[in-house]
Amino acid sequence: MSKELKDISKNVMNQIHEGKAKMKPRIYFVIGSILTFLGLVFSTIVSIFFIGLLRFSFRTHYGWRAQYKLNQMLSDFPWWILIPAIVSLVFGVLIIRKYDFSYKIKPWIVIVIFILVMIFAGWIIDVIGLNDILSQHGPMKGMMFFR
Amino acid sequence: MTEIELSDEEIIEKVRTSNQDLYAVIIDRYQKKLLRYIGNLIKDENKAIDVVQESFIKAFVNLNSFNTEKKFSSWIYRIAHNQAINLAKKYQKETSLQEDWVFEKYFFIVFRATFFILFRGKIL
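Heads up: the sequence lines are chains A and B, in that order.
Residue numbers for the first sequence, in my numbering: 1 to 147.
Residue numbers for the second sequence, in my numbering: 148 to 271.
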């Protein structure tokens with residue numbers, strides 16, 4: 001056993017000295033965390049919007065006013081948010097997967113679960129009316145005009 | 148102050164900033180404990196040695212993600228534990244793909260059920 005223990009220490013230190021095992025820079029982890037966080041924020045905004053849109057379209061009877069309102073909602077929404085939401089989510093997950101501490105889960109499973117959680121969170125936020133409060137008072141003021 | 152008197156976290160800080168050779172002290176402190184732990188987990192001494200060695204390498208590569216305000220022991224144990232689980236899954240996969248298939252099928256059923264409840268069940 002003691003020989004094996006020596007081997008572990010020797011093998012690991014050899015890999016470090018030979019440069020086969022290199023420490024990843026701190027910025028790598030900072031970027032991964034920031035991207036995932038941004039992905040989370042943008043996805044929540046997109047999710048709230050889509051849930052609001054769905055609820056609205058299920059409720060209305062498709063009169064001209066409803067159609068006008070729907071068009072207004074679609075044109076008022078900042079669609080550019082979709083791009084950073086997807087990009088930061090994908091890159092964040094990829095970088096975090098490279099931390100490689102977690103159990104190996106297929107990336108598409110992580111992304112699909114994440115999106116489902118986002119849809120659920122968006123629905124909850126919409127139901128409790130938090131999106132209305134945010135669109136009137138918070139930093140998202142003026143960003144979305146749902147109703 | 149010699150490295151023997153330093154805490155794990157202090158040594159890690161030195162490894163990160165100035166002296167990578169001090170990582171050997173960390174290995175010496177934990178290899179026996181980890182071997183015992185992983186050995187109990189996977190019941191195969193040779194694989195346990197591989198897991199422990201790979202865990203130390205992984206910990207070194209990702210050392211900058213370690214928060215020195217937290218305990219290093221918990222961190223290294225978690226890495227080794229996950230490494231052992233990944234190894235177990237890998238061997239399981241080699242012997243049978245059945246479990247993966249069941250998981251994917253189950254996932255698909257849950258996805259369809261969620262979709263049905265949300266959009267057909269008029270919850271929205």
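Heads up, the beta-carbon is just placed ideally off N, CA and C, and yes, glycines get one too.
Since we're looking at a predicted model, the values are computed, not measured.
*Which residues mark the beginning and the end of the alpha helix (DSSP H) in which Phe77(A) is found?*
Phe77(A) -> no alpha helix (DSSP H), and no H or E assigned at all.
_For a test of the three-state rule: what should DSSP assign to Lys205(B), helix, strand or coil?_
helix
_In this structure, how does DSSP classify Asn214(B) when only helix, strand and coil are distinguished?_
coil
*Between Phe37(A), Asn71(A), Ser75(A) and Gln72(A), which lies nearest to Val90(A) when the distance is taken from Cα to Cα?*
Phe37(A)
*Residue-level contact to chain A via CB, Leu153(B), 8 Å cutoff*: Output row for Leu153(B): interface = no.
_Give me the residue from Ile8(A), Asn71(A), Val46(A) and Ile119(A) with the minimum Cα distance to Asp175(B)._
Ile8(A)
*Proximal chain A residues relative to Phe219(B), where beta-carbon distance stays under 9 Å*: Under the 9 Å cutoff, chain A gives no residues; its nearest Cβ is about 14 Å from Phe219(B).
*When you compare each of Gly39(A), Asp76(A), Lys69(A) and Leu74(A) to Val117(A) by their alpha carbons, which one comes out closest?*
Gly39(A)
*Along the chain, where does the alpha helix (DSSP H) that runs through Leu188(B) open and close?*
Tyr170 to Ile189
*Integer-rounded CB distance, given that Ile16(A) should sit under 8 Å from Phe213(B)*: The pair is not a contact, with the Cβ atoms about 16 Å apart (cut-off 8 Å).
*Around the Cβ of Ser165(B), are there at least 16 other Cβ atoms within 10 angstroms (buried) or fewer (exposed)?*
exposed
*From what residue to what residue does the alpha helix (DSSP H) around Lys161(B) run?*
Asp155 to Thr164
*Please work out which residues of its chain come closer than 8 Å, Cβ to Cβ, to Gln245(B), disregarding the five sequence neighbours upstream and downstream, and give them in chain order.*
Residue placement at Gln245(B) is poorly supported in this model, since its pLDDT is 45, which falls under 50; the coordinates still yield a value, given next. Cβ neighbours of Gln245(B) beyond the five flanking positions: none.
*Does DSSP put Ala235(B) in a helix, in a strand, or in coil?*
helix
*Within 8 Å, strictly: CB atoms of Ser88(A) and Leu54(A)*: Contact check for Ser88(A) against Leu54(A) fails: the beta carbons are separated by 8 Å or more.
*Can you have a look at Val127(A) and say buried or exposed, based on whether 16 or more other CB atoms are within 10 angstroms of its CB?*
exposed
*Nearest chain A C-beta to Tyr238(B) closer than 8 Å, yes or no?*
The beta carbon of Tyr238(B) sits no closer than 8 Å to any beta carbon of chain A.
_Considering only the alpha carbon of each residue, which of Arg225(B), His228(B) and Gln200(B) lies closest to Ala171(B)?_
With distances taken between CA atoms, Ala171(B) lies nearest to Gln200(B) out of Arg225(B), His228(B) and Gln200(B).
*Do Met23(A) and Leu210(B) have their C-beta atoms within less than 8 Å of each other?*
yes
*Are the beta-carbon atoms belonging to Lys205(B) and Ile226(B) less than 8 Å from one another?*
yes
*Drop a sphere of 10 angstroms on the beta-carbon of Ile45(A), count the other beta-carbons inside from all chains shown, and report buried for 16 or more, exposed for fewer.*
buried
*By DSSP, does Val23(A) sit in helix, in strand, or in coil?*
The displayed chain sequence assigns Met, not Val, to residue 23(A). Met23(A) falls in the coil class under three-state DSSP.
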